[in-house]
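Residue numbers (this note's numbering): 52 to 439. Built from N, CA and C at the ideal position, the CB exists for glycine as well. Computed from a prediction, not measured in an experiment: that's the story for all the values here.
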């Protein structure tokens, strides 16, 4: 069977690395790949670590009327079903379209569905039903995270193989060198500054209010850098700590890492709002450790296990500003050789780099070329993190 694959998503590839991360491994093993996506031709990954593929730019939200955009997306899905050996559908919203359109004569030879989440059947019963239909029809189901994959398998009665691949950075991703001028900007010119880096702006889900309350309990040399925000949050103004917070706009990924590599610790705080969030090892995890940063992480089961096992930083009760402040002090006042940039980077390369999952990715897609793909009905392989 010809190794011809169309990857299709309505998510913007030019804004994140979190969508097409399985494709480089397939391109290296001879797959003929077409990427159809919003921002496909200037994708963030293609611009830095290119892989062999053709690109088709899909219309962005708001670029045309909703009806015209839906017709364009539907046409692209059905063209992929006609022409490709494997149609690789990424994302929940594209999955809903595929569930409705890729049926009967439009059923592709092989169908892959990749999603980072699943629709709650109580909150979104109709969407959950459609997602279940597509998940059962897929020849391969891919998830970013083990527990969400396990829940989807149970809820949707998935019988096809399940591949769990975290959206981790590869070793090959270039990390910018440290910059004295950026360090001065981030530290506010304070020689003994301890700078926390948070990828993302103000968010209750990411416990930013508690983080700011913790920062207010600490001396002035403790500082915070946040991306994706135009100015300091109102809470920071109320607490009188706005001058200790550097707010950056949405940055291109490589530009963001120029700041990250000059920080002292990365922030991974979360509220316990769902099962997957409690066990996850998010993509931002490796954005920090690839830059050699220790972590200030929530003491949820998944993150705490990773941080403690590999000595990657401190874990705290993210609902407690006092606990967060104590964790920050622990990182700042008790530096260790294990938390040096070189040691953290070494742990990333040995246990968390995306290349460690390459054999699983290639094997799963090669199996799709069999005349009768396996229908296993088994849970995904465990452990899924780290170093499968």
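- Between residue 394 and residue 381, the C-beta spacing is not below 8 Å.
- Note that the region 300-309 touches the region 274-283; at least 3 beta-carbon pairs, one per stretch, sit closer than 8 Å.
- Taking 4 residues as the shortest admissible run, the region 358-406 contains the following complete alpha helix (DSSP H) segments, listed from N- to C-terminal end: 372-384, 392-398.
- By a beta-carbon distance limit of 8 Å, residue 137 does not contact residue 164. Their separation comes to about 11 Å.
- For residue 349, there is no enclosing alpha helix (DSSP H); the residue is found in the beta strand (DSSP E) stretching over 346-349.
- The beta-bridge partner set that DSSP reports for residue 141 consists of 165.
- Taking residue 384 as reference, the option from 422, 356, 315, 172 with the minimal CA-CA separation is 315.
- If you ignore the 5 residues before and after residue 145, its C-beta comes within less than 6 Å of the C-beta of 60, 61, all in its own chain and listed in chain order.
- Of the residues 116, 92, 99, the one whose Cα lies closest to the Cα of residue 108 is 92.
- Around the beta carbon of residue 338, a 10 Å sphere encloses 16 or more other beta carbons of the protein chains shown; the residue is thus reported as buried.
- Within the DSSP bridge table, the entry for residue 317 names 248, 346 as partners.
- Residue pairing by DSSP places residue 236 in no beta bridge whatsoever.
- Here DSSP, grouped into helix, strand and coil, assigns residue 192 to strand.
- The beta carbons of residue 149 and residue 128 sit closer together than 8 Å.
- In terms of Cα proximity to residue 134, the closest of 147, 143, 158 is 158.
- Cβ-Cβ separation between residue 324 and residue 256: approximately 6 Å, consistent with a contact (criterion under 8 Å).
- Take the alpha-carbon of residue 265 and the one of residue 317: they are about 15 Å apart.
- With the rule of 3 Cβ pairs closer than 8 Å, the region 204-223 counts as touching the region 66-73.
- Annotation for residue 214: 191, 192, 193, 194, 411, 412, 415, 431 place their beta carbon closer than 8 Å to its own, counting only its chain and skipping 5 residues before and after.
- Measuring C-alpha to C-alpha distances from residue 272 to each of 118, 258, 284, 240 identifies 240 as the nearest.
- Secondary structure note for residue 202: it is in no beta strand (DSSP E), and the uninterrupted alpha helix (DSSP H) holding it is 197-207.
- DSSP, reduced to helix, strand and coil, places residue 413 within a helical segment of the structure shown.
- For the 8 Å CB-CB criterion, residue 322 and residue 258 form a contact.
- Per the DSSP secondary-structure output, residue 61 pairs with nothing in a beta bridge.
- Under the three-state reduction of DSSP, residue 259 is assigned to helix.
- For residue 83, the three-state secondary structure derived from DSSP is strand.
- For residue 106, the enclosing beta strand (DSSP E) starts and ends at 105-108.
- Annotation: residue 95 to residue 187 spans about 31 Å, alpha carbon to alpha carbon.
- Counting of Cβ neighbours within 10 angstroms places residue 285 among the exposed residues, the total staying below 16.
- Annotated as proximal: residue 376 and residue 269, with beta-carbon spacing under 8 Å.
- Annotation for residue 373: 265, 268 place their beta carbon closer than 8 Å to its own, counting only its chain and skipping 5 residues before and after.
- Residue 408 places its beta carbon 8 Å or farther from that of residue 434.
- Under the three-state reduction of DSSP, residue 149 is assigned to helix.
- The straight-line gap separating the alpha-carbon atoms of residue 63 and residue 87 is approximately 10 Å.
- Assigned with DSSP and collapsed to three states, residue 184 falls in helix.
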